[in-house]
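Each residue of the sequence shown is one higher than the one before, starting from 1 at the first, in the numbering used here.
These notes are about the structure you will find just below.
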Amino acid sequence: MARRDAGPPRTGPGEREVLLGFLDYLRASVIAKVEGVAEPAVRTPGVPSGTNLLGLVKHLTHVERHWVLGERTTKWAATFRAKPGESAEDIIDAYRETAARVNARVAEADVAELRWTLTHLIEETARHAGHLDILRELLDGSTGR
Numbered sequence: 001m002a003r004r005d006a007g008p009p010r011t012g013p014g015e016r017e018v019l020l021g022f023l024d025y026l027r028a029s030v031i032a033k034v035e036g037v038a039e040p041a042v043r044t045p046g047v048p049s050g051t052n053l054l055g056l057v058k059h060l061t062h063v064e065r066h067w068v069l070g071e072r073t074t075k076w077a078a079t080f081r082a083k084p085g086e087s088a089e090d091i092i093d094a095y096r097e098t099a100a101r102v103n104a105r106v107a108e109a110d111v112a113e114l115r116w117t118l119t120h121l122i123e124e125t126a127r128h129a130g131h132l133d134i135l136r137e138l139l140d141g142s143t144g145r
């Protein structure tokens, strides 16, 4: 199913609003690529490396927890794999919950101290949103944000 791409987000004038506005926009794009994909397709690798929809969302959850919430991750390769007992709903809910915690932390922080981290999260999320776009199109032809 093809749909028209959404343009960039509208944000407030401040640096915090711009950075979180773009990050939230990308997070919504990530979730949209995974929602509605049935098992086992949601965890089926689309490329030889094993990359799959759920694994990318799980990885992004760990990225935000690591960089903003201080939950250290040492085995990054493992963050790309959903465990057999983890449902798509579990992984999406964890991503949403983490995003809410990150946004709350950013709301309390000096944004200048988080500028690099937030820019990195935007870059990382955008890169993997692109991967999700390709994987979803390979699965069922769905395109767009």
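The beta-carbon is built from N, C-alpha and C at its ideal position, and this holds for glycine as well.
All values derive from a computational prediction rather than experimental measurement.
Cβ-heavy atom distance, residue i to the ligand GDP, below 7 Å
i	result
Pro45	With respect to small molecules bound, the structure shown includes none, and the ligand GDP cannot be examined in it.
Where the alpha helix (DSSP H) through residue i begins and ends
i	result
Thr125	111-140
Val42	It is not in any alpha helix (DSSP H) - Val42 carries neither H nor E in the DSSP assignment.
Phe22	15-34
Asn103	88-108
Arg65	53-67
Per-residue burial, residue i [other beta carbons within 10 Å of its own, 16 or more giving buried]
i	result
Glu97	exposed
Glu64	buried
Leu138	exposed
Val47	exposed
Thr125	buried
Lys75	exposed
Ala6	exposed
Thr61	buried
Gly141	exposed
Ser87	exposed
Lys83	exposed
Ala104	exposed
Arg43	buried
Ala78	exposed
Arg10	exposed
Margin query: For the pair the segment 40-57 and the segment 79-92, tell me if three or more CB-CB distances fall below 8 Å.
Written below: Counting Cβ pairs under 8 Å, three or more are found: they touch.
Note to self: I want to know whether the segment 14-26 touches the segment 117-134 - three or more CB-CB distances under 8 Å.
What the structure shows: Contact between the segment 14-26 and the segment 117-134 is present, because at least three Cβ pairs lie under 8 Å.
Next item on the list: Would you check if there are 3 or more beta carbon pairs closer than 8 Å linking the segment 64-79 to the segment 101-116?
Entry: Touching, per the Cβ criterion.
Check: Is the segment 126-145 close to the segment 29-45, with three or more CB pairs under 8 Å?
Finding: Segments in contact, yes.
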